[in-house]
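Here's the structure, in structure tokens; my notes come after.
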Amino acid sequence: MKQSEIKQLSVAELQEKLGETKKSYADLKMAHAISPLENPIQLRNVRRTVARLATELTNREGQ
4 MKQSEIKQLS VAELQEKLGE TKKSYADLKM AHAISPLENP IQLRNVRRTV ARLATELTNR
64 EGQ
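Take any residue in the sequence shown, count from 1 to its spot, add 3: that is its number in this note's numbering.
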């Protein structure tokens, strides 16, 4: 998910998306621990998406 897409979401949508993305990351991480993922770069991309969502949420709460 790109930063421009994240900026267009409402606070409620950001919180929902953050929860979904964190769950997706946990599932991917568990799957990777059991048997290596075909594309381990997915882990990095999802982790960075979580960080982008969390950062945008924090920025909006501060305003």
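For every residue, glycine included, the Cβ atom is placed at its ideal position computed from N, Cα and C.
DSSP places Ser13 in the coil class of the three-state scheme, outside both helix and strand.
The beta carbons of Thr24 and Thr52 sit about 5 Å from each other, so the pair counts as a contact at 8 Å. Only residues of its own chain outside the window of five on either side were considered, and among them Ile9, Leu56, Glu59, Leu60 and Arg63 have a CB closer than 8 Å to the CB of Leu17, listed in chain order. The straight-line gap separating the alpha-carbon atoms of Val49 and Lys20 is approximately 12 Å. For Leu56, the enclosing alpha helix (DSSP H) stretches over residues Ile44 to Gly65.
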